[in-house]
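Each remark here refers to the structure printed beneath this line.
Number of protein chains: 2
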Amino acid sequence: MTATIPMTQNPNLVRGTLDLLILKSLTWEPLHGYAVSEWIENVTDGSLLMEEGTLYPALHRLAEKGFVESEWGLSENNRRAKYYSLTREGRGYLEREAASWAAYTNAVAKALAVESPIP
Amino acid sequence: MTATIPMTQNPNLVRGTLDLLILKSLTWEPLHGYAVSEWIENVTDGSLLMEEGTLYPALHRLAEKGFVESEWGLSENNRRAKYYSLTREGRGYLEREAASWAAYTNAVAKALAVESPIP
DNA sequence: GTGTGACCCCTTGCGTTACAAGGGGAAGGT
DNA sequence: ACCTTCCCCTTGTAACGCAAGGGGTCACAC
């Protein structure tokens with residue numbers, strides 16, 4: 028599904044959600060980078076096309092923070108691939124951040140829905 | 028309500044929503060900067076405390092882009108205050124950005140709610 | 001065999017922007 | 001005299017998404 032779909036265009040929207048999406052993609056089993064980007068593209072219905080120049084630095088950051096671990100392996104296509112897996116800390120971090128993200132977006136959504144001046 | 032409420036702690040969450048909130052606060056009538064920050068604090072139930080070092084540069088950026096206009100005036104407390112008002116372009120920008128923000132957060136929320144591996 | 005495209009990894013440089021940490025000044029109350 | 005609230009502003013600093021590069025392997029078509 029590598030269609031030429033328009034990408035996000037607005038880095039500020041994406042900011043901070045990439046870690047969330049990456050960690051979420053690793054919830055069930057280790058994935059290599061390419062598979063992570065495919066997962067994200069799929070679950071967002073193609074509305075989020077993750078650039079490689081974004082993905083790999085993000086993965087490295089998460090590894091440095093101890094939220095993911097990596098191991099070289101072989102992909103389904105018999106290619107050299109680095110598999111990332113969620114650590115226990117990463118799982119906790121994902122839960123906490125997802126919760127605070129939800130809370131924050133809810134607050135903003137409520138603010139944007141306000142209809143009377145200065146409630 | 029200037030209670031010492033813990034602030035956002037995570038710039039990445041806020042990223043990109045500040046413009047939205049600021050513009051939204053100006054929907055009904057011109058406000059000066061201080062009032063904008065109060066509005067945001069109120070409608071987010073104190074969960075978002077806008078720093079002045081964030082607010083004013085943001086207002087200047089929006090003015091430079093033509094989304095708001097400013098005019099010196101007097102506050103309710105008879106103090107010198109710069110009132111910002113939404114321009115027509117600003118109103119359109121707010122609508123568009125709010126829509127794309129909603130779409131994006133919905134996509135992410137859906138992704139974070141996924142329960143089966145690789146749907 | 002020589003593309004061509006999918007698969008897979010990576011880095012550098014740039015621009016944007018939230019925040020901390022400073023600054024100043026005027027009004028009102030104690 | 002002093003403090004608090006109200007109001008405005010600027011200068012770092014750090015983070016990070018992205019564009020634009022890099023490289024290598026495999027399968028299939030021509």
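Those protein sequences? They're chains R and P, same order as listed.
The opening position of the first sequence corresponds to residue 28 in the working numbering, with each subsequent residue numbered one higher.
The opening position of the second sequence corresponds to residue 28 in the working numbering, with each subsequent residue numbered one higher.
Where a beta carbon is used, it is the ideal one built from N, C-alpha and C, also for glycine.
Comparing alpha-carbon positions, the option among Glu68(R), Leu82(R), Tyr83(R) lying closest to Leu76(R) turns out to be Glu68(R). Cβ proximity to chain R below 7 Å picks out Arg42, Gly43, Thr44, Leu47, Leu48, Lys51, Trp55, Glu56 from the stretch 42 to 62 of chain P. At a cut-off of 7 Å between C-beta atoms, Ala138(R) counts as an interface residue with respect to chain P. Think of a sphere of 9 Å around the beta carbon of Ala90(R): no beta carbon from chain P falls inside it, the nearest being about 18 Å out. In the three-state reduction of the DSSP assignment, Val95(P) falls in the strand class, which pools E and B. With respect to chain R, the C-beta atom of Pro144(P) has a partner C-beta closer than 7 Å.
Judged by DSSP in its simplified three-state form, Ser74(P) adopts coil rather than helix or strand. In the structure shown, Arg107(P) adopts extended strand secondary structure according to DSSP, grouped into three states. Residues of the stretch 84 to 116 of chain R whose Cβ lies closer than 7 Å to any Cβ of chain P: none. Per the C-alpha coordinates, the member of Ala130(P), Lys92(P), Tyr131(P), Val135(P) positioned closest to Gly119(P) is Lys92(P).
Sequence-distant partners of His59(R) (beyond 5 residues in either direction) whose C-beta falls short of 8 Å from its own C-beta, in its chain, are Gly100, Ser102, Ala108, Lys109, Tyr110, Tyr111.
Annotation for Thr44(R): Trp128 place their beta carbon closer than 8 Å to its own, counting only its chain and skipping 5 residues before and after. Taking the beta carbon of Leu75(P) as reference, the chain R residues within 7 Å of it are Ala134, listed in sequence order.
Residue range 38 to 41 is occupied by the alpha helix (DSSP H) that includes Pro38(P). The residue among Tyr61(P), Leu53(P), Ala90(P) with its C-alpha nearest the C-alpha of Asn104(P) is Tyr61(P). With respect to chain P, the C-beta atom of Leu82(R) has no partner C-beta closer than 7 Å.
About 5 Å separates the Cβ atoms of Asn39(P) and Arg42(R), confirming a contact at the 8 Å cut-off.
In this structure, Leu139(P) places its C-beta atom within 7 Å of the C-beta atom of Lys51(R). Contact annotation: Phe94(R) and Thr81(R) have beta-carbon atoms that are not nearer than 7 Å. Identification of chain P residues near Tyr120(R) by a Cβ-Cβ cut-off of 9 Å yields none; the smallest Cβ-Cβ distance measures about 12 Å.
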